[in-house]
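Chains as they are written, first to last, in my numbering: chain A, 1 to 177; chain B, 178 to 520; chain C, 521 to 620.
Structure first, commentary second.
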Amino acid sequence: MYQLLFFVFAGAAVGFAINLLLQRHPIHSALSLIGVMASLASLYLMLGAEFIAAAQIIVYAGAIMVLFVFVIMLLNAGEEERTQRSRFAKYLGLPLILLLVTSMAAVIYRQVPQDAMVRFGDFPGRTADIGRRLFLNYLLPFEVVSIVILVAIIGTVVLARKDSETEGPGKAVVSEK
Amino acid sequence: MSPLMVLFALAKIVVILLVLLTVVAYAVWFERKLLAHMQCRWGPTRVGPHGLLQPLADAIKLLTKEDLTPSEVFPLVYLLAPFLSLVTALLAFAVIPFGPETRVGGMDLFQIADLDIGVLFILSVSSMGVYGIALAGWSSNSKYSLLGGLRSSAQMISYELAIGLSIIGVLLLTGSLSLRAIVENQAGAYWGFLPRWNIIPQFAGFVCFLVAAIAETNRLPFDLPEAETELVAGYHTEYSSMKFGMFFMAEYANMVTASCLATLLFFGGWHGPVFGPAILQALLPLLWFSLKVLFFLFLYVWIRATLPRFRYDQLMAFGWKFLVPLALGNLVVTSLVLAIRWS
Amino acid sequence: MVPLSYYLILSAILFTLGVAGFLFKRNIVTIFMSVELMLNAVNLTFVALSYSLRQLDGQIIVFFVMVIAAAEAAVGLAIIITVFRNRESLNVDRIDLMKL
Chain A
1 MYQLLFFVFA
11 GAAVGFAINL
21 LLQRHPIHSA
31 LSLIGVMASL
41 ASLYLMLGAE
51 FIAAAQIIVY
61 AGAIMVLFVF
71 VIMLLNAGEE
81 ERTQRSRFAK
91 YLGLPLILLL
101 VTSMAAVIYR
111 QVPQDAMVRF
121 GDFPGRTADI
131 GRRLFLNYLL
141 PFEVVSIVIL
151 VAIIGTVVLA
161 RKDSETEGPG
171 KAVVSEK
Chain B
178 MSPLMVLFAL
188 AKIVVILLVL
198 LTVVAYAVWF
208 ERKLLAHMQC
218 RWGPTRVGPH
228 GLLQPLADAI
238 KLLTKEDLTP
248 SEVFPLVYLL
258 APFLSLVTAL
268 LAFAVIPFGP
278 ETRVGGMDLF
288 QIADLDIGVL
298 FILSVSSMGV
308 YGIALAGWSS
318 NSKYSLLGGL
328 RSSAQMISYE
338 LAIGLSIIGV
348 LLLTGSLSLR
358 AIVENQAGAY
368 WGFLPRWNII
378 PQFAGFVCFL
388 VAAIAETNRL
398 PFDLPEAETE
408 LVAGYHTEYS
418 SMKFGMFFMA
428 EYANMVTASC
438 LATLLFFGGW
448 HGPVFGPAIL
458 QALLPLLWFS
468 LKVLFFLFLY
478 VWIRATLPRF
488 RYDQLMAFGW
498 KFLVPLALGN
508 LVVTSLVLAI
518 RWS
Chain C
521 MVPLSYYLIL
531 SAILFTLGVA
541 GFLFKRNIVT
551 IFMSVELMLN
561 AVNLTFVALS
571 YSLRQLDGQI
581 IVFFVMVIAA
591 AEAAVGLAII
601 ITVFRNRESL
611 NVDRIDLMKL
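As structure tokens, then:
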């Protein structure tokens with residue numbers, strides 16, 4: 001049962017990711033990416049990471065991807081045009097990518113012990129424990145990250161603001177944050 | 178898990194879904210009737226006594242109407258959007274507890290699943306609801322729909338922030354994300370007569386939650402995505418027949434979810450005076466819960482009948498300059514009080 | 521029961537697909553999405569290893585990655601909007617001049 005679920009969600013994730021590459025229209029790519037994120041959230045649940053699964057849906061699928069969809073809608077981006085500028089990507093891209101995936105798989109097979117199994121319910125990552133750890137052991141990174149977000153908000157406002165216009169994409173993008 | 182338990186769980190899901198859909202249908206009747214009386218009209222009276230069969234007539238009408246697909250739409254996304262809307266709206270009910278823990282054969286009777294992360298689950302499902310509206314607006318390939326979709330995605334995301342921040346106060350008081358634990362924490366009374374509902378220590382959070390929930394469900398006075406005087410019907414302008422019906426059902430289902438959530442988080446859920454014989458004691462919590470939810474549904478209609486629609490920039494300014502600071506202030510005060518009490 | 525290496529290989533495949541998207545796609549928004557795909561793949565590794573090591577630290581790092589990704593997406597999309605306003609194109613091959 002567990003194995004079946006793993007293969008269903010893993011297959012869905014890979015399928016959606018391939019679809020992201022094949023689709024010409026950015027909105028369809030964005031939808032595929034949302035599919036990947038939803039499948040990954042299910043995998044996180046299977047790994048006992050409830051909080052991360054919920055955060056994945058809320059932050060990634062519910063906020064970041066909405067931002068993408070919003071920008072695509074706002075710019076009314078049409079189908080992607082195929083320009084073949086990068087000869088490097090055209091000729092060397094595919095072999096290099098295959099090399100990358102095979103070498104990664106080889107390293108994983110060599111380094112990860114084959115008897116390392118993932119059994120459901122072995123390690124429930126309780127949300128309260130995550131919170132405790134976050135605010136005791138990782139307090140400094142947490143504070144630094146909040147400053148990064150503040151900087152990002154201000155940067156976004158400055159970047160996206162149109163001069164002498166209050167109603168515009170800038171405002172909308174800020175509101176997304 | 179034995180097959181019998183799976184069967185029982187499925188039966189529970191079906192029953193809750195049926196009850197929910199009936200409530201959604203009658204929420205429409207309730208709103209029309211109430212609104213009419215507030216405006217000195219009669220509302221639906223023709224179909225059945227007091228128009229009580231009106232939801233049925235509406236459903237038959239929607240099902241038998243011609244299903245029109247405009248020629249310039251993006252087909253797949255256009256079809257997907259109403260389903261996405263309705264499914265995310267209904268999914269939230271999986272974690273809502275309707276009554277106290279009543280175990281029959283090892284299964285809880287009044288809740289589909291008691292997740293440890295119930296509140297986060299509802300937030301995540303409702304955050305996925307944006308897509309139904311945004312994609313409907315985009316895929317219809319019409320300017321009114323697109324404007325409606327753009328408005329709604331900006332509006333829902335900004336008010337989601339206010340909802341999340343206003344809930345954190347309650348979570349701090351309870352120390353749990355499970356909706357059942359939150360309700361059970363509200364049992365009892367202060368000084369013997371004042372119920373220990375979260376609304377008393379968290380009044381600012383409640384106000385913030387209520388306003389944000391109205392905006393989140395795209396209801397008046399925040400129904401900018403479908404403002405009929407400027408955008409025809411907003412994101413569902415190009416939809417007809419049952420596809421339109423699905424958006425309609427999703428909106429009312431979201432209203433019911435928001436009312437349930439307000440009841441559970443701030444109004445003590447099913448807590449209320451319980452007395453009498455055993456069977457009455459088992460059913461009274463359900464009654465209290467339904468009455469409280471009904472009160473919030475009434476509030477929705479009341480607000481709709483009273484307030485005019487906001488302008489779009491007013492809506493954004495209100496959300497960002499008033500609600501978010503209010504929720505943040507509430508959060509700071511709550512955590513300060515709790516920290517002092519603990520130390 | 522699934523071997524841990526399956527999770528890691530799934531993550532490797534997703535990461536590679538992200539790299540492929542980054543190389544082959546020509547729309548700047550889609551390229552940005554490929555970067556998000558890579559981040560997601562790495563997150564899966566973190567969660568899987570956190571499960572196998574019985575430590576929560578991996579999940580906390582994933583949380584930080586998500587927060588940074590949110591900040592990055594906001595800034596990146598603001599840049600994309602600015603670029604589009606100046607160049608009227610989202611194709612990266614047409615955005616190759618330092619100055620108009």
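Idealized CB from N, CA, C, for every residue including glycine.
Review point. If we ignore side chains and look at the alpha-carbon of each, how far apart do V173 (chain A) and A160 (chain A) end up?
Key: Sequence index remark: in the first sequence, residue 173 (chain A) carries index 173 (1-based). Sequence index remark: in the first sequence, residue 160 (chain A) carries index 160 (1-based). Because the pLDDT of V173 (chain A) is 46, which lies under 50, any placement of that residue in the model is unreliable, and the number read from its coordinates should be weighed accordingly. Straight across, the Cα-Cα distance linking V173 (chain A) with A160 (chain A) is about 7 Å.
Check your understanding: Counting only runs that start and end within the stretch 548-614 of chain C, where is the beta strand (DSSP E) found for 3 or more residues in a row?
Key -> The qualifying runs do not exist here; there are none.
Review point. CB T511 (chain B) to CB L349 (chain B), shorter than 8 Å?
Key: The residue labelled residue 511 (chain B) in the question sits at position 334 within the second sequence. The residue labelled residue 349 (chain B) in the question sits at position 172 within the second sequence. Taking 8 Å as the Cβ cut-off, T511 (chain B) and L349 (chain B) qualify as a contacting pair.
Check your understanding: Where does I548 (chain C) land, buried or exposed, given buried means 16+ other C-beta within 10 angstroms?
Key -> For the purposes of this step, residue 548 (chain C) is taken as the residue at position 28 of the third sequence. Counting the other Cβ atoms within 10 Å of the Cβ of I548 (chain C) gives 16 or more, which makes it buried.
Check your understanding: If you drop the 5 nearest sequence neighbours on each side, which residues of the same chain put their C-beta closer than 6 Å to that of L292 (chain B)?
Key -> Along the second sequence, one-based indexing puts residue 292 (chain B) at 115. The beta carbon of L292 (chain B) is closer than 6 Å to those of V272 and F298 in its chain, skipping five residues each way along the sequence.
Exercise for review: Would you list the residues sitting across from L371 (chain B) in a DSSP beta bridge?
Suggested key: Against the second sequence, residue 371 (chain B) aligns to sequence position 194. Answer is B:Y367.
Practice item. Determine the extent of the alpha helix (DSSP H) in which S343 (chain B) is found, giving its start and end residues. Key: Counting from 1 along the second sequence, the entry for residue 343 (chain B) is found at position 166. Here the alpha helix (DSSP H) through S343 (chain B) covers K320 to T351.
Check your understanding: Are the C-beta atoms of W219 (chain B) and some chain A residue less than 8 Å apart?
Key -> Numbered from 1 along the second sequence, position 42 holds the residue referred to as residue 219 (chain B). Taking CB atoms only, W219 (chain B) has no neighbour in chain A less than 8 Å away.
Check your understanding: Are the C-beta of S322 (chain B) and some C-beta of chain A separated by less than 8 Å?
Key -> Position 145 of the second sequence, counted from the start, is the residue given in the question as residue 322 (chain B). S322 (chain B) has a beta carbon lying at 8 Å or more from every beta carbon in chain A.
Practice item. Could you tell me the boundaries of the alpha helix (DSSP H) in which R357 (chain B) lies? Key: Residue 357 (chain B) sits at position 180 when you count from the first residue of the second sequence. Note, R357 (chain B): alpha helix (DSSP H), L356 to E361.
**Study point:** For P523 (chain C), the residue or residues it bridges with in DSSP
**Key:** For the purposes of this step, residue 523 (chain C) is taken as residue 3 along the third sequence, with counting starting at 1. According to DSSP, which records beta bridges pairwise, P523 (chain C) is partnered with A:M117.
Practice item. Within 10 angstroms of the Cβ of D244 (chain B), are there 16 or more other Cβ atoms? Answer buried if so, exposed if not. Key: For the purposes of this step, residue 244 (chain B) is identified with residue 67 of the second sequence, where counting begins at 1. Exposed, by the Cβ-count rule.
Exercise for review: Could you please give me the residues that DSSP links to D285 (chain B) through a beta bridge?
Suggested key: As a working note, residue 285 (chain B) is residue 108 in the second sequence. Partner(s): B:R280.
Exercise for review: Could you tell me whether any Cβ in chain A is nearer than 8 Å to the Cβ of M305 (chain B)?
Suggested key: Reading the second sequence from its first residue, position 128 is the one you call residue 305 (chain B). For M305 (chain B), at least one C-beta of chain A is nearer than 8 Å to its own C-beta.
Check your understanding: Where does P124 (chain A) sit, in a helix, a strand or coil, going by DSSP?
Key -> Within the first sequence, numbered from 1, the residue matching residue 124 (chain A) stands at position 124. Assigned with DSSP and collapsed to three states, P124 (chain A) falls in coil, not helix or strand.
Check your understanding: For the alpha helix (DSSP H) that V296 (chain B) lies in, which residues bound it at each end?
Key -> Here residue 296 (chain B) refers to the residue found at position 119 when the second sequence is read from its first residue. Run containing V296 (chain B): G295 to S316, per the alpha helix (DSSP H) assignment.
Exercise for review: Hey, could you find the ends of the alpha helix (DSSP H) L31 (chain A) is sitting in?
Suggested key: Along the first sequence, read from residue 1 onward, the residue named residue 31 (chain A) stands at position 31. Residues P26 to M46.
Review point. Alpha carbon to alpha carbon, how far is A53 (chain A) from R218 (chain B)?
Key: For this step, residue 53 (chain A) is matched to residue 53 along the first sequence. For this step, residue 218 (chain B) is matched to residue 41 along the second sequence. Straight-line spacing of the CA atoms in A53 (chain A) and R218 (chain B) works out to 49 Å.
Point to revise | Length of the line joining the Cα atoms of Y255 (chain B) and V69 (chain A) | key: Looking up residue 255 (chain B) in the second sequence gives position 78. Looking up residue 69 (chain A) in the first sequence gives position 69. If I take the Cα positions, the gap works out to 15 Å.
**Study point:** Chain-ordered residues of the stretch 42-65 of chain A with a beta carbon less than 7 Å from chain B
**Key:** Going along the stretch 42-65 of chain A in chain order, one finds E50, F51, A54, I57, I58, A61, G62 and A63 with a Cβ nearer than 7 Å to chain B.
Exercise for review: With 8 Å as the threshold, decide whether the Cβ of G125 (chain A) is near any Cβ in chain C.
Suggested key: Translated into the one-based positions of the first sequence, residue 125 (chain A) becomes position 125. Judged by the 8 Å Cβ criterion, G125 (chain A) is in contact with chain C.
Review point. At a CB-CB cut-off below 8 Å, which residues of chain C make contact with M117 (chain A)?
Key: Residue mapping note: residue 117 (chain A) aligns to position 117 of the first sequence, counting from 1. For M117 (chain A), the neighbours in chain C by C-beta distance under 8 Å run, in chain order, M521, V522, P523 and L524.
Review point. Is there at least one Cβ from chain A nearer than 8 Å to M558 (chain C)'s Cβ?
Key: Taking the third sequence and counting its residues from 1, the one referred to as residue 558 (chain C) is at position 38. When Cβ-Cβ separations below 8 Å define contact, M558 (chain C) makes no contact with chain A.
Review point. How long is the line joining the alpha carbons of L134 (chain A) and P502 (chain B), rounded to whole angstroms?
Key: Against the first sequence, residue 134 (chain A) aligns to sequence position 134. Against the second sequence, residue 502 (chain B) aligns to sequence position 325. Straight-line spacing of the CA atoms in L134 (chain A) and P502 (chain B) works out to 24 Å.
Practice item. Please classify F466 (chain B): is it buried, with 16 or more other beta-carbons within 10 angstroms of its beta-carbon, or exposed? Key: Position 289 of the second sequence, counting from 1, holds the residue named residue 466 (chain B). Counting the other Cβ atoms within 10 Å of the Cβ of F466 (chain B) gives 16 or more, which makes it buried.
Check your understanding: Could one say the Cβ of G326 (chain B) lies closer than 8 Å to chain A's Cβ atoms, at least one of them?
Key -> Counting from one through the second sequence, the residue named residue 326 (chain B) turns up at place 149. Yes, because at least one Cβ of chain A sits closer than 8 Å to the Cβ of G326 (chain B).
Practice item. Write down the C-beta distance between G306 (chain B) and P372 (chain B) rounded to the nearest angstrom, noting that I regard them as a contact closer than 8 Å. Key: Numbered from its first residue, the second sequence carries residue 306 (chain B) at position 129. Numbered from its first residue, the second sequence carries residue 372 (chain B) at position 195. Their Cβ separation, rounded to whole angstroms, is 32 Å, which puts G306 (chain B) and P372 (chain B) out of contact at 8 Å.
Practice item. Figure out for me which residue from B:I340, B:K420 and B:T246 has the closest Cα to the Cα of I391 (chain B). Key: Position 214 of the second sequence, counted from the first residue, corresponds to residue 391 (chain B). Ranking B:I340, B:K420 and B:T246 by CA distance to the CA of I391 (chain B) puts B:I340 first.
Review point. What is the DSSP secondary structure of A166 (chain B), counted as helix, strand or coil?
Key: Here chain B comprises residues numbered 178 to 520, so residue 166 (chain B) is not present and cannot be evaluated.
Exercise for review: With a threshold of 16 other CB atoms inside 10 Å of the CB of E167 (chain A), please say whether the residue is buried or exposed.
Suggested key: For the purposes of this step, residue 167 (chain A) is taken as the residue at position 167 of the first sequence. Its pLDDT being 45, under 50, E167 (chain A) is placed unreliably by the model, and the measurement read from it follows with that caveat. With fewer than 16 other Cβ atoms within 10 Å, it is exposed.
Review point. What residue from B:L474, B:R280, B:V347 and B:H448 has the CA that sits closest to T434 (chain B)'s CA?
Key: Here residue 434 (chain B) refers to the residue found at position 257 of the second sequence. When the alpha-carbon of T434 (chain B) is set against those of B:L474, B:R280, B:V347 and B:H448, the nearest one is in B:L474.
Exercise for review: Look at the alpha carbon of E176 (chain A) and the alpha carbon of V66 (chain A), and state the distance between them as a whole number of angstroms.
Suggested key: Counting from one through the first sequence, the residue named residue 176 (chain A) turns up at place 176. Counting from one through the first sequence, the residue named residue 66 (chain A) turns up at place 66. Legend: pLDDT at E176 (chain A) = 44, less than 50; position of this residue unreliable, no value from coordinates given.
Check your understanding: Can you tell me whether DSSP reads M104 (chain A) as helix, strand or coil?
Key -> In the first sequence, residue 104 (chain A) corresponds to position 104, counting from 1. The answer is helix: DSSP assigns M104 (chain A) an H, G or I state.
Review point. Given a threshold of 16 other Cβ atoms within 10 Å of its Cβ, counted over all protein chains shown, does Y367 (chain B) qualify as buried or as exposed?
Key: For this step, residue 367 (chain B) is matched to residue 190 along the second sequence. Around the beta carbon of Y367 (chain B), fewer than 16 other beta carbons sit within 10 angstroms, so the residue counts as exposed.
Check your understanding: Of all the residues that make up the stretch 564-584 of chain C, which are near chain A by a beta-carbon distance shorter than 8 Å?
Key -> Listed in sequence order: L564, V567, A568, S570, Y571, S572, R574, L576, D577, Q579, I580, V582, F583 and F584.
Practice item. Compute the beta-carbon to beta-carbon distance between R546 (chain C) and E81 (chain A), rounded to the nearest angstrom, for a pair I have assumed lies under 8 Å. Key: Locating residue 546 (chain C) in the third sequence gives position 26, where the first residue counts as 1. Locating residue 81 (chain A) in the first sequence gives position 81, where the first residue counts as 1. The Cβ separation is near 7 Å, so the contact holds.
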